[in-house]
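Peer 1:
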Amino acid sequence: MELNRELETRIVEFSKDVVVQSPSVLQLRILTILRQAVENYSHQTLYPFFHFPLFGVIHRMKQQSPVRLTMVGGGSWATALIKILSENNVSIKWWLRKESDAEHIKKFGHNPSYLSDVQINTRKVKVCTRIKDAFRDSDYIVLAVPAAFVSDALSGIKPEHFAGKYVISAIKGMIPSANQLVTDWVREQYNVPASRIAVIAGPCHAEEVALEKQSYLTIASQDVACADDVAAMLNCRFVQATGVDDIYGIEYSAVMKNIIALACGITHGLGYGDNFQAVLVSNAMQEIKRFVDAIYPKHRDLSGSAYLGDLLVTAYSPFSRNRTFGTLIGRGYTIQSAQMEMNMIAEGYYAVKSIHEINRQFQVRMPIAEAVYNILYERASPTLEMEGVKRLLT
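Taking the working numbering, the leading residue of the sequence shown gets 13, the next gets one more, and so forth.
1. Assuming contact is defined by CB atoms lying nearer than 9 Å, are LEU181 and ALA210 in contact in what I supplied?
2. Am I right that LEU155 and ILE183 are in contact with their C-beta atoms under 8 Å? What's the rounded C-beta distance?
3. Relative to the alpha-carbon of HIS116, which residue among ARG135, VAL291, VAL139 and SER103 has its alpha-carbon at the smallest distance?
4. Can you tell which of VAL221, TYR152, CYS248 and PHE250 has its C-alpha closest to the C-alpha of ARG208?
5. Should HIS311 be labelled buried (16 or more other beta-carbon atoms within 10 Å of its own) or exposed?
6. Using three-state DSSP, classify ALA253 as helix, strand or coil.
7. Can you give me the start and stop residues for the alpha helix (DSSP H) that SER103 sits inside?
8. Are the Cβ atoms of SER125 and THR82 separated by less than 9 Å?
9. Note down the Cα distance separating ASN270 from LYS177, rounded to an integer number of angstroms.
10. Would you mind giving the Cβ-Cβ distance between LYS144 and GLY168, rounded to the nearest angstrom? I have them listed as a contact below 8 Å.
11. Are the CB atoms of ILE357 and PRO158 nearer to each other than 9 Å?
12. Threshold first: 3 residues or longer. Then list the beta strand (DSSP E) segments lying entirely within the stretch 87-159, N to C.
13. Short check: CB of ALA363 to CB of ALA232, under 9 Å?
14. Return the first residue and the last residue of the beta strand (DSSP E) that LEU229 is part of.
15. Spatial neighbours of ALA392 within its chain, please: CB distance less than 7 Å, with the 5 preceding and 5 following residues excluded, ordered by chain position.
16. Could you pull out every residue in the same chain whose Cβ sits closer than 7 Å to the Cβ of GLU397, ignoring the five residues on either side in sequence?
17. Report the residue from TYR361, VAL304 and ALA275 whose alpha carbon sits nearest the alpha carbon of VAL291.
18. Please classify GLN289 as buried or exposed, where buried requires at least 16 other C-beta atoms within 10 Å of its C-beta.
19. Which residue wins for smallest C-alpha separation from VAL162, given the options ALA213, LEU108 and GLN131?
20. With distance defined between alpha-carbon atoms, name the residue in PHE147, LYS95, ILE278 and GLN351 nearest to VAL130.
21. Please state the DSSP three-state secondary structure of LEU81.
22. When the Cα of VAL401 is compared with those of THR230, ILE272, THR326 and TYR202, which residue comes out closest?
23. Buried or exposed for ARG249, going by 16 or more other Cβ atoms inside 10 Å?
24. With a 10 Å radius around its C-beta and 16 neighbouring C-beta atoms as the bar for buried, classify ASN203 as buried or exposed.
25. DSSP puts LEU193 in a beta bridge; with which residues?
26. Bridge partners for SER181 per DSSP, in chain order?
27. Assign CYS216 to one of three DSSP states: helix, strand, or coil.
28. Start and end of the alpha helix (DSSP H) containing VAL401?
29. Leaving out the 5 sequence neighbours to the left and right, which residues in its chain are closer than 7 Å to MET354 when beta-carbon positions are compared?
30. Are the beta-carbon atoms of LYS136 and SER189 separated by less than 9 Å?
31. What number of angstroms, rounded off, separates the C-alpha of ALA327 from the C-alpha of ALA239?
32. What is the C-beta distance between ILE187 and VAL179, in whole angstroms, given that I count them as a contact (C-beta under 8 Å)?
33. Once DSSP output is grouped into helix, strand and coil, what is the label at MET73?
34. Just reading off the alpha helix (DSSP H) that THR346 is part of, what are its end residues?
35. Leaving out five residues before and five after ARG302 in sequence, what residues of the same chain have Cβ atoms less than 6 Å from its Cβ?
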């Protein structure tokens with residue numbers, strides 16, 4: 013019965029703070045509490061739990077009032093997130109720019125341009141091409157377009173369209189025109205309170221989500237309750253999501269790891285081996301720590317999956333756009349030809365310029381990031397720049 017009392021106490025305490033939240037959000041929060049409580053008390057006999065009266069209530073709640081969510085973006089990551097969210101009680105409006113893609117999804121149930129093997133549950137997903145229609149009646153707005161094109165995607169959207177909604181950034185990049193994190197830009201442009209903004213982070217490639225490979229996500233928000241709500245929407249049989257409060261540390265780390273992945277790709281293209289790249293990545297982790305601690309001091313463990321884990325998968329995986337882009341540059345491609353070859357956006361290309369300009373104020377020593385900047389924006393020789401980096405590694 014100790015488990016039952018724990019559940020009752022936590023749910024009663026939580027219910028005092030949910031009067032302004034939608035019923036669907038409340039349901040997800042209670043489900044999360046139940047899951048956490050079972051994990052905490054897994055050593056106890058759970059027979060009383062299965063007779064706990066609330067269990068039947070929760071079962072009925074799962075059949076009702078789905079969370080209403082809008083997905084902005086039609087790329088591989090947006091498609092993967094649609095797949096994850098469709099596993100749960102979420103009603104989705106999916107905004108796509110291309111009318112032809114939208115019609116194809118309606119007719120055939122898959123995205124013709126990205127992750128075409130993923131079957132879209134069209135009973136849960138309503139596809140549209142009018143952004144204002146997509147925003148209407150939603151509780152959550154998920155941004156899953158490249159950072160450089162967020163402003164264009166939200167053309168016609170005003171602060172009142174965001175009123176009362178939560179915003180989730182699934183973008184690991186920076187707004188290049190403003191040198192801002194996506195979350196800061198959304199907060200300033202659309203007057204969204206920080207407590208209603210979250211980011212999705214962690215080592216999670218869209219291609220593996222499509223294959224239902226076990227994956228882990230970290231959801232960060234200044235309000236942990238908000239992060240937990242989003243995590244509850246994303247938890248499913250092949251994704252484990254957790255909520256944390258280090259939104260700035262996680263978001264800047266996600267931006268920086270793309271730059272490091274570019275460096276790894278460049279050295280790979282130049283013919284450096286695994287031994288060198290291991291040393292490069294370990295030094296890069298210290299570079300990320302120096303920068304993040306300088307720009308937003310906070311006690312944080314950068315060995316966590318949202319930091320180190322995301323860096324490793326982006327630096328080494330063949331699915332990594334940034335590593336692929338860097339590899340092409342290392343092999344002698346011009347920036348334009350590399351972009352045409354990939355037909356996808358490498359967020360690190362835009363991010364390295366923003367980080368370079370932000371660091372003028374902080375003057376953090378970041379030789380790897382500076383080498384990438386010099387190669388991409390100062391037309392420096394990849395060979396000579398990496399020779400310089402090589403002499404500084406330990």
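We treat Cβ as the ideally placed atom computed from N, Cα and C, and that holds for glycine. Owing to the predicted nature of the structure, the values given are computational and were not obtained by experimental measurement.
Peer 2: Judging by the given coordinates:
1. Sequence check: residue 181 is Ser here, not Leu. Their beta carbons are under 9 Å apart, which means SER181 touches ALA210 by this criterion.
2. Yes, they are in contact, since the Cβ atoms of LEU155 and ILE183 sit about 6 Å apart, within 8 Å.
3. It is VAL139 whose Cα lies nearest to the Cα of HIS116.
4. Nearest of VAL221, TYR152, CYS248 and PHE250 to ARG208, Cα basis: TYR152.
5. Label assigned to HIS311: exposed.
6. ALA253: strand per DSSP, three-state reduction.
7. The continuous stretches of alpha helix (DSSP H) do not include SER103, which lies in the beta strand (DSSP E) extending over residues 102-107.
8. No, these two residues do not count as a Cβ contact at 9 Å.
9. Each residue's Cα considered, the two are about 29 Å apart.
10. Under the criterion of beta carbons closer than 8 Å, LYS144 and GLY168 qualify as touching, at roughly 6 Å.
11. Yes. Within cutoff.
12. 102-107, 137-140 and 152-155, all fully within the stretch 87-159.
13. For ALA363 and ALA232, no; Cβs fall outside 9 Å.
14. It spans 227-232 - the beta strand (DSSP E) in which LEU229 sits, taken as one unbroken run.
15. Contacts found: ASN386.
16. Cβ neighbours of GLU397 within its own chain (closer than 7 Å, five residues either side excluded): ALA383, ASN386 and ILE387.
17. For VAL291, the nearest C-alpha among the options comes from ALA275.
18. So GLN289 ends up on the buried side.
19. The shortest C-alpha to C-alpha distance from VAL162 to any of ALA213, LEU108 and GLN131 is the one to LEU108.
20. When each option's Cα is compared against that of VAL130, the closest is LYS95.
21. The answer is strand: DSSP assigns LEU81 an E or B state.
22. Nearest option by C-alpha distance: ILE272.
23. Exposed.
24. With fewer than 16 Cβ atoms within 10 Å of its Cβ, ASN203 is classed as exposed.
25. Answer is MET186.
26. DSSP lists LEU155 and VAL211 as partners of SER181.
27. CYS216: coil per DSSP, three-state reduction.
28. Its alpha helix (DSSP H) spans residues 394-404.
29. Cβ neighbours of MET354 within its own chain (closer than 7 Å, five residues either side excluded): ARG333, THR336 and PHE337.
30. Not closer than 9 Å, so no.
31. Their Cα atoms are separated by approximately 26 Å.
32. Not really, about 14 Å apart at Cβ, beyond 8 Å.
33. Note that MET73 scores 47 on pLDDT, short of 50, meaning its location in the model is unreliable; the coordinates nonetheless yield the value given after this. Reduced to three states, the DSSP call for MET73 is helix.
34. Element bounds for THR346: n/a, residue is neither H nor E.
35. Apart from the 5 residues on each side of it in sequence, ARG302 sits with its Cβ closer than 6 Å to the Cβ of VAL376 in its chain, given in chain order.
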